[in-house]
DNA sequence: CTGAAAGCGCTTACAG
DNA sequence: CTGAAAGCGCTTACAG
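Next comes the structure, spelled out in structure tokens:
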């Protein structure tokens with residue numbers, strides 16, 4: 001494992017009979033090099049098996065060619081929530097085109113998070129992507145103070161008033177939630193509950209508010225909202241609370257698939273038939289959701305696409321192109337079998353025209 | 357987002373009235389510095405808000421302070437298999453102690469994988485961890501030829517004959533599989549099937565072979581083995597094939613939780629009761645498995661611990677301590693409710709003493 | 001205990 | 001089109 005006497009650009013230059021500058025230029029193409037010398041340079045490099053030292057190049061160019069991603073989620077969520085792996089896959093696809101890499105940090109405390117951003121800012125990465133945005137997210141100020149280029153992934157279009165000051169890639173979760181509520185109402189449900197994600201997150205809040213608004217639009221009671229934390233155990237607990245009510249809901253809209261699956265299992269363990277007695281929907285379109293019994297109606301979020309788009313936006317910002325907010329909306333409802341009419345659907349008449 | 361005129365070690369030195377070398381030494385402690393000048397240095401640094409440039413330090417020390425991890429799995433598996441997130445969390449915990457970071461690459465082809473390792477070797481990382489080892493894994497030769505320090509995570513103790521030439525952190529999957537088979541046999545099962553992971557992986561192979569051996573030890577037919585690929589859809593398909601047999605198994609040992617959950621769901625959708633008519637077991641102890649109905653008997657693999665141990669082994673190797681193979685065995689069976697006696701368990705008498 | 005200087009291995013104006 | 005040289009911002013022998 002001993003470093004085998006590294007060959008440097010100087011060796012290649014000498015071998016090819018040119019200056020180091022010329023070797024550099026032959027590869028970068030930033031200035032014309034005659035075909036003949038280019039050939040000699042490449043031949044020498046190949047023979048000596050030279051590749052430019054990333055460390056030296058980073059110092060000379062003030063660029064590291066790596067992007068940072070710090071995730072501050074419960075390890076259990078990271079381990080099962082399909083969003084992160086898909087999002088990272090999307091990032092990778094565009095990073096690979098540029099010969100760049102992704103630096104991943106999983107942190108479990110605010111202090112650790114702060115330390116990580118400071119470390120990243122000291123020349124470890126060229127920029128970062130901010131995930132899981134919270135209201136008045138402290139990271140907005142932090143990255144700007146650290147001089148760390150960043151783009152933020154958001155669940156709704158940035159409004160003129162609230163300014164993160166950072167280019168934002170946003171999607172629109174509300175359409176999908178509205179559609180889910182439509183599906184449920186069309187099937188005859190009126191007592192619909194929502195198991196939200198953590199409400200400190202913007203996306204958790206947006207989905208909750210959209211749910212509430214959609215229910216109100218239809219003249220339905222929107223008070224059946226409980227907050228989960230995206231883990232299976234929270235899906236189980238919140239569902240138990242909901243089913244324990246005097247008038248339990250006939251349908252539950254979960255903010256992610258894991259909570260939905262755990263909720264569904266809990267219902268079943270109590271002898272509640274899904275979907276005959278309880279309809280459920282998820283969010284994320286995890287691979288598993290298609291292979292459940294019943295298969296889970298859920299929302300595909302285009303996590304891969306959003307990773308790619310966010311990364312492209314960040315690279316554009318680094319190239320000092322004027323940073324713009326960009327819409328990345330690949331959110332779509334995936335209808336499967338976890339919705340049915342409620343037990344006594346006939347007792348309720350849906351006012352015509354209230355839903356489409 | 358304009359770089360705010362970076363302050364360098366030179367600024368700090370001037371401000372503190374010392375040389376750049378002294379500033380460096382005051383922080384590294386590699387040579388004694390008088391308390392008084394140390395104080396001046398720290399004060400100056402704090403006032404100027406200086407932190408050493410990672411890029412410059414990397415070039416000067418020939419160290420990047422980052423470790424590479426390249427995963428070559430199906431995106432669907434990465435998105436739901438809890439192993440990776442947990443393993444990465446374990447890595448992070450020891451990297452954080454050292455102010456280091458993890459460079460993650462997800463690749464989808466052999467060519468991309470090769471390109472990535474070459475890029476990593478050009479001074480992007482100090483070393484790599486090799487996951488998902490295959491038989492005669494080509495990466496053993498590759499990293500050595502690239503001069504890239506590496507440690508490999510393996511599912512069994514390296515035997516004297518087969519030499520990867522690399523320090524290995526190994527666990528022993530066989531005990532857990534043996535225990536699972538015991539559980540099933542004790543419950544009265546004789547027709548037990550195994551849905552294996554991809555057999556090109558050592559760990560897939562080890563579990564399969566252990567299963568076969570355990571069955572043979574008990575005088576049972578060990579031919580009911582089918583190969584899955586760790587995805588839910590493969591869990592579904594393999595289970596369908598198993599249940600379609602003339603004599604379907606009464607129990608299925610899956611190589612991971614996702615396949616088990618999908619298999620369980622398929623069985624249920626066919627009206628097969630779990631566990632009354634079909635016992636199933638998983639592998640991984642994903643958070644979800646505890647919250648299923650029935651909860652899944654599975655195997656906790658200590659992925660977090662293994663990540664930490666592998667990372668420590670790599671750092672030790674980098675510190676040129678003599679690299680040793682180390683056992684990281686935190687594998688333990690988690691008994692839950694997905695095992696029951698087979699439908700007509702009474703028809704079979706278990707020979708005394710064959711199992712404990 | 002401290003300073004001056006070389007060196008890490010590239011890139012990039014500056015001349016020609 | 002090409003070369004010589006400075007510079008990126010640290011660390012580390014080498015002297016003292």
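Chains as they are written, first to last, in this note's numbering: chain A, 1 to 356; chain B, 357 to 712. Ideal Cβ positions, reconstructed from N, Cα and C, are used throughout, including at glycine.
Closer than 8 Å at the beta carbon, the chain A residues around residue 624 (chain B): Those are 293, listed as they occur along chain A.
At the level of alpha carbons, what is the spacing between residue 342 (chain A) and residue 442 (chain B)? Rounded to the nearest angstrom, the two C-alpha atoms are 40 Å apart.
Can you tell which of A:322, A:61, A:269 and A:261 has the C-alpha that lies nearest to the C-alpha of residue 233 (chain A)? The shortest Cα separation from residue 233 (chain A) among A:322, A:61, A:269 and A:261 belongs to A:261.
In terms of alpha-carbon separation, which member of A:114, A:336, A:67 and A:316 lies closest to residue 300 (chain A)? When each option's Cα is compared against that of residue 300 (chain A), the closest is A:336.
Could you have a look at residue 68 (chain A) and say whether DSSP puts it in helix, strand or coil? Residue 68 (chain A) falls in the strand class under three-state DSSP.
Between the CA atoms of residue 557 (chain B) and residue 490 (chain B) - distance to the nearest angstrom: Cα to Cα, the separation comes out at about 4 Å.
Which chain B residues are close to residue 82 (chain A), counting only those with a beta carbon under 7 Å from its beta carbon? Going along chain B in sequence order, the residues near residue 82 (chain A) (Cβ under 7 Å) are 435 and 436.
Which whole-angstrom value is the C-beta distance of residue 460 (chain B) and residue 102 (chain A), which I expect to be below 8 Å? The pair is a contact, with the Cβ atoms about 5 Å apart (cut-off 8 Å).
Span of the beta strand (DSSP E), counted from its first residue to its last, around residue 550 (chain B): Run containing residue 550 (chain B): 548 to 552, per the beta strand (DSSP E) assignment.
Which residues share a DSSP beta bridge with residue 127 (chain A)? BP columns for residue 127 (chain A) point to A:67.
If you count every other CB in all the chains shown that lies within 10 Å of the CB of residue 136 (chain A), and 16 or more means buried, which is it? Residue 136 (chain A) counts as exposed, since fewer than 16 other beta carbons sit within 10 angstroms of its beta carbon.
Residue 385 (chain B) CB to nearest chain A CB: under 7 Å? No, no contact with chain A.
Considering only the alpha carbon of each residue, which of A:55, A:204 and A:216 lies closest to residue 228 (chain A)? Nearest option by C-alpha distance: A:204.
Rounding to the nearest angstrom, what Cα-Cα distance links residue 13 (chain A) and residue 40 (chain A) in this structure? Each residue's Cα considered, the two are about 10 Å apart.
For residue 619 (chain B), the first and last residue of its enclosing alpha helix (DSSP H): Taken as a continuous stretch (DSSP letters only), the alpha helix (DSSP H) holding residue 619 (chain B) covers 613 to 625.
At a cut of 8 Å, does the region 264 to 276 of chain A reach the region 563 to 578 of chain B through at least three beta carbon pairs? They do not touch, by the three-pair rule.
Any beta-carbon of chain A closer than 7 Å to the one on residue 667 (chain B)? False, the Cβ-Cβ gap to chain A never drops below 7 Å.
Between which two residues does the alpha helix (DSSP H) carrying residue 473 (chain B) extend? Residue range 466 to 477 is occupied by the alpha helix (DSSP H) that includes residue 473 (chain B).
Can you tell me whether residue 60 (chain A) is buried or exposed? The criterion is at least 16 other CB atoms within 10 Å of its CB, across all chains shown. Classification for residue 60 (chain A): exposed.
According to DSSP, is residue 92 (chain A) part of a helix, a strand, or is it coil? In the displayed model, residue 92 (chain A) falls within a helix according to three-state DSSP.
Of all Cβ atoms in chain B, is any one closer than 7 Å to the Cβ of residue 259 (chain A)? For residue 259 (chain A), the nearest beta carbon of chain B is not closer than 7 Å to its own beta carbon.
In terms of residues, what are the limits of the beta strand (DSSP E) holding residue 490 (chain B)? Secondary structure note for residue 490 (chain B): it is in no beta strand (DSSP E), with a DSSP letter that is neither H nor E.
Would you call the region 623 to 641 of chain B and the region 594 to 604 of chain B touching, i.e. three or more CB-CB distances under 8 Å? Segments in contact, yes.
In this structure, how does DSSP classify residue 201 (chain A) when only helix, strand and coil are distinguished? Strand.
Which two residues bound the contiguous alpha helix (DSSP H) that contains residue 27 (chain A)? From DSSP, the alpha helix (DSSP H) with residue 27 (chain A) extends over 20 to 28.
Kindly say whether residue 318 (chain B), judged by its beta-carbon, lies nearer than 7 Å to any beta-carbon of chain A. Residue numbering for chain B in the displayed model covers 357 to 712; residue 318 (chain B) lies beyond these limits and cannot be assessed.
Using a C-beta cutoff of 7 Å, does residue 243 (chain A) count as contacting chain B? Interface residue (Cβ-Cβ distance to chain B less than 7 Å): residue 243 (chain A) is not classified as such.
For a cutoff of 7 Å on Cβ pairs, would you count residue 359 (chain B) as touching chain A? The pLDDT assigned to residue 359 (chain B) is 48, lower than 50, so where the model puts this residue is not dependable, and the model offers no usable value.
With a Cβ-Cβ cutoff of 7 Å, do residue 98 (chain A) and residue 479 (chain B) count as a contact? In this structure, residue 98 (chain A) keeps its C-beta atom at 7 Å or more from the C-beta atom of residue 479 (chain B).
My output table needs one value for residue 355 (chain A): the three-state DSSP class, helix, strand or coil. With a pLDDT of 45 at residue 355 (chain A), under the threshold of 50, the modelled position of that residue is not reliable, and the figure given next carries that caveat. If DSSP states are grouped into helix, strand and coil, residue 355 (chain A) belongs with coil.
Local Cβ density within 10 Å of residue 506 (chain B), reported as buried at 16 or more and exposed below that: Under this definition residue 506 (chain B) is a buried residue.
Which term fits residue 545 (chain B), buried or exposed, when burial requires 16 or more other beta carbons within 10 angstroms of its beta carbon? Counting other Cβ atoms within 10 Å of its Cβ, residue 545 (chain B) reaches 16 or more and is therefore classed as buried.
Can you list the residues of chain B that residue 75 (chain A) reaches, using a CB-CB cut of under 8 Å? Within 8 Å Cβ-Cβ: 441, 442, 445 and 660.
Exposure of residue 327 (chain A), with buried meaning 16 or more beta-carbon neighbours within 10 Å: Residue burial is scored here from C-beta neighbours: residue 327 (chain A) has fewer than 16 other C-beta atoms within 10 angstroms and is therefore classed as exposed.
Quick check on residue 700 (chain B): buried or exposed, where buried means 16 or more other Cβ atoms within 10 Å of its Cβ? Around the beta carbon of residue 700 (chain B), a 10 Å sphere encloses fewer than 16 other beta carbons of the protein chains shown; the residue is thus reported as exposed.
Are any of the Cβ atoms in chain B nearer than 7 Å to that of residue 353 (chain A)? Confidence at residue 353 (chain A) is low in this model, with a pLDDT of 44, below 50, so the placement of that residue should be treated as unreliable; the coordinate-derived value is given next. Judged by the 7 Å Cβ criterion, residue 353 (chain A) is not in contact with chain B.
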